[in-house]
Amino acid sequence: MRIILLGPPGAGKGTQAQRLIDTYKVMQLSTGDMLRAAAAAGTSVGLQAKAVMDAGDLVSDDIVVEIIADRIEQSDCKNGFILDGFPRTLGQAEALEKMLARKALDLNAVVEMQVDDNQLIGRITGRYNCISCGAGYHDEHLRPNLDGVCDICGGIEFDRRSDDNAEAVLFRLKSYHEQTAPLLPFYQKRGKLFSVDGMVDIDEVTRQIKEVLVAG
Ligand code: AMP
Numbered sequence: 000m001r002i003i004l005l006g007p008p009g010a011g012k013g014t015q016a017q018r019l020i021d022t023y024k025v026m027q028l029s030t031g032d033m034l035r036a037a038a039a040a041g042t043s044v045g046l047q048a049k050a051v052m053d054a055g056d057l058v059s060d061d062i063v064v065e066i067i068a069d070r071i072e073q074s075d076c077k078n079g080f081i082l083d084g085f086p087r088t089l090g091q092a093e094a095l096e097k098m099l100a101r102k103a104l105d106l107n108a109v110v111e112m113q114v115d116d117n118q119l120i121g122r123i124t125g126r127y128n129c130i131s132c133g134a135g136y137h138d139e140h141l142r143p144n145l146d147g148v149c150d151i152c153g154g155i156e157f158d159r160r161s162d163d164n165a166e167a168v169l170f171r172l173k174s175y176h177e178q179t180a181p182l183l184p185f186y187q188k189r190g191k192l193f194s195v196d197g198m199v200d201i202d203e204v205t206r207q208i209k210e211v212l213v214a215g
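Numbering-wise (numbering that gives the first Met the number 0), the sequence shown opens with residue 0 and increments by one.
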């Protein structure tokens, strides 16, 4: 199974990818996570990317295409993958198409998660994670049972992504509409595009995605 989850920042791509990997026994490939890991490790690519990410801009196609090209060659991707946050530009989509064609592979489906911009800003600026286990929370919609203590691991330290501030979010939304939204007609033309309502509750979004994957 090879799937792209497409949608604006805060649409819930990462959350849904996490839920789908067990069902389909595939890897979640998040370019955002890979770039953050590279930045935390202090690699030259990571440090270069960090300044761009903090401003809410897109990292260059060359960098992310190379990261994905290397990653899908690895043996843990042989059952397939869920791409979360890639491709984000037409150049990346074309590069992915060539990469897969060289391996005589194709995408099963591109799932667009539709969410209104005005919901996204609140979703993103309120989110935070447990430092120990990565569990995600939200200031309003998903608080831990006991304030300041992670429900999953009991951790008491949390952090927020440096690009989850209001200013960077506006820039990320602008990038989405200008550079990523053109991928919708690109995949529509190839008969791969399916859309789900990303504003309903998390379980219902998962149900809708699984339904379109049966059709795809
Ligand atoms: P995400 O975790 O998907 O929200 O990505 C966080 C940031 O990483 C984005 O705002 C971009 O700066 C960068 N990034 C992640 N994926 C890509 C991509 N496919 N192309 C360009 N930049 C990316």
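Where is the CB? At the ideal position from N, CA and C, for every residue including glycine.
Note that the structure is a prediction, hence the values are computed from the model and not measured.
{"Check": "Residue burial classification, glutamine 73 (beta-carbon count within 10 angstroms, cutoff 16)", "Outcome": "exposed"}
{"Check": "Which listed residue (Arg70, Pro8, Ala36 and Leu104) has its alpha carbon closest to that of leucine 169", "Outcome": "Pro8"}
{"Check": "Cβ pair count under 8 Å reaching 3, the segment 129-141 against the segment 155-168", "Outcome": "yes"}
{"Check": "Exposure label - lysine 12; buried when at least 16 CB within 10 Å", "Outcome": "buried"}
{"Check": "CA-to-CA distance, valine 51 to glutamate 111, given in whole angstroms", "Outcome": "25 Å"}
{"Check": "Boundaries (first-last residue) of the alpha helix (DSSP H) holding glutamine 207", "Outcome": "201-214"}
{"Check": "Distance cut-off 6 Å: proline 8 Cβ against heavy atoms of the ligand AMP", "Outcome": "yes"}
{"Check": "Proline 86 burial status per 10 Å Cβ neighbour count (16 or more: buried)", "Outcome": "buried"}
{"Check": "Alpha carbon of proline 143 to alpha carbon of leucine 119, nearest angstrom", "Outcome": "21 Å"}
{"Check": "Beta-carbon proximity of aspartate 162 to glycine 41, cut-off 7 Å", "Outcome": "no"}
{"Check": "Unbroken stretches of the alpha helix (DSSP H), 4 residues or longer, contained in the segment 18-55", "Outcome": "30-40 and 43-53"}
{"Check": "For alanine 108, the first and last residue of its enclosing beta strand (DSSP E)", "Outcome": "108-113"}
{"Check": "Valine 58: CB within 6 Å of a non-hydrogen atom of the ligand AMP", "Outcome": "yes"}
{"Check": "Any non-hydrogen atom of the ligand GDP closer than 6 Å to arginine 87 Cβ", "Outcome": "Annotation note on the ligand GDP: not contained in the displayed structure, which lists the ligand AMP as its ligands."}
{"Check": "Cβ-based burial, alanine 39 [other Cβ within 10 Å; buried from 16]", "Outcome": "exposed"}
{"Check": "Reference aspartate 32, options Gly84, Cys76 and Ser194, closest by Cα", "Outcome": "Gly84"}
{"Check": "Under 7 Å between C-beta atoms of leucine 192 and valine 109", "Outcome": "yes"}
{"Check": "Cα-Cα separation, histidine 140 to lysine 102", "Outcome": "43 Å"}
{"Check": "Endpoints, the alpha helix (DSSP H) within which isoleucine 123 is located", "Outcome": "116-124"}
{"Check": "Unbroken beta strand (DSSP E) run spanning leucine 99, endpoints", "Outcome": "Run containing leucine 99: none in the beta strand (DSSP E); it sits in the alpha helix (DSSP H), 89-101."}
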